[in-house]
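J.: Handing you this structure, nothing more for now.
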Amino acid sequence: MMSKAAAQVRSDVLFGTSSNFPRMVEIDLTAIDRNPNQPRQHFDEDELQGLAESIDRMGLKQPILVQQTDGGRYVIAAGERRFRAHQLLGRETIFAIITDGDLDEIALIENLQRAELDALEEARAFARLIERHSYTHEELGRIVSRSQGEIARTLATLKLPEDMLLEYPAFRKSISKSLLQELAFIDDSALRQNLWEEAKVGKLTIRGLRETKKSTVATDGQGRKPMPAATTAADVAKLLASVQKNIKRTSIDIVALRQRKATLDDKQREVIRSLRNQLNDLLGD
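Each residue of the sequence shown is one higher than the last, beginning at 1 in UniProt numbering.
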């Protein structure tokens, strides 16, 4: 006699479906709730209107993703713009695919794939997942397909002064993600503020920012003269050998700290950031 599982497999093959085949349903808009932890916080009205017109003309090309909650209701996992566009059109229902899994992770990954998040929305979404699941940068990086370095640089933007974080949404289209990250690693508050003002009016580029940082490094950032430069190839070789030796020793210590999941305080972070900035300048990155 054929087992129940085997019968199910045979049925799946026959009809081209499986037990985990995604379920698509048509849901009343009034039965759908927005995700309070939606990574994307800013929705351009003109873009929404354009999307609504496209859906009205050509139909919905991709259903939204939802999760079923208590009381026969649903919460949006992905596709809030499409949901809002349907509301603008006065539609009563929308096609949706019911999905399982972590709601915040689904929402974040869908937005990342569509490149719909600005720098701070992305950073806050990363921080929320780390806080919620105690992910390391490496674990989160695997989930969202980013390197540990990218995760660290993204999260660094949350360390910017509060007034900059509040101002950013108004200038997010003119201040790139990479520019905001570079600003986050400037320790001199006066210099950072001046560069921020330039960025807001579109006068600051990545190249210009890095050149400004190099010029301040040349005076140690505090008006002090730098140490005499090496004047011969032998001097340079000697300095490089010393740096290589120290970096090797430091690398061993860093591995040990990571294995022990050491937590750094603010002062220790500043020291390490300063070292990283000097290495970036040396490499020309």
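Don't be surprised by glycine CBs; every beta carbon is placed ideally from N, CA and C.
1. Quick one: grab the DSSP three-state call for Leu-65.
2. Buried or exposed: which applies to Leu-257, given that a residue is buried once 16 or more other Cβ atoms fall within 10 Å of its Cβ?
3. Would the segment 94–111 count as touching the segment 59–71 if we require 3 or more Cβ pairs under 8 Å?
4. Using only CA atoms, which one of Gly-59, Phe-185, Lys-200 and Glu-198 lies nearest to Lys-214?
5. Whose C-alpha, out of Phe-43, Ile-55 and Asp-187, is nearest the C-alpha of Leu-160?
6. Please list the terminal residues of the continuous beta strand (DSSP E) segment that includes Tyr-74.
7. Alpha carbon to alpha carbon, how far is Gly-16 from Met-24?
8. On the DSSP bridge list, what partners appear for Val-25?
9. Opposite Asp-188 in the DSSP bridges: which residues?
10. Where does Leu-282 sit, in a helix, a strand or coil, going by DSSP?
11. Whole angstroms is fine: what's the gap from Arg-224's alpha carbon to Ala-119's?
12. Would you check if there are 3 or more beta carbon pairs closer than 8 Å linking the segment 130–144 to the segment 167–174?
13. Which partner residues does Ile-32 have in the DSSP bridge list?
14. Please report how far the alpha carbon of Lys-177 lies from the alpha carbon of Ser-147, in whole angstroms.
15. Report buried or exposed for Ala-190, applying the criterion of at least 16 other Cβ atoms within 10 angstroms of its Cβ.
16. Could you tell me which of Leu-155, Leu-239 and Trp-196 sits nearest to Ser-174, measuring between CA atoms?
17. Which residue from Asp-70, Gln-87, Arg-73 and Phe-95 puts its Cα closest to that of Glu-45?
18. Rounding to the nearest angstrom, what Cα-Cα distance links Arg-73 and Ile-32 in this structure?
19. Reducing DSSP to helix, strand and coil, say where Asp-46 ends up.
20. Does the distance from the C-beta atom of Arg-40 to that of Glu-116 stay below 7 Å?
T.: Reading it off the structure:
1. strand
2. exposed
3. yes
4. Phe-185
5. Asp-187
6. 74–78
7. Legend: pLDDT at Gly-16 = 48, less than 50; position of this residue unreliable, no value from coordinates given.
8. Ala-96
9. Note: Asp-188 sits in no beta bridge, so no partner.
10. helix
11. Model confidence at Arg-224 stands at a pLDDT of 49, short of 50, so the residue's coordinates are unreliable; what they give is reported in the following sentence. Cα to Cα, the separation comes out at about 35 Å.
12. no
13. Tyr-74
14. 16 Å
15. exposed
16. Trp-196
17. Gln-87
18. 6 Å
19. helix
20. yes
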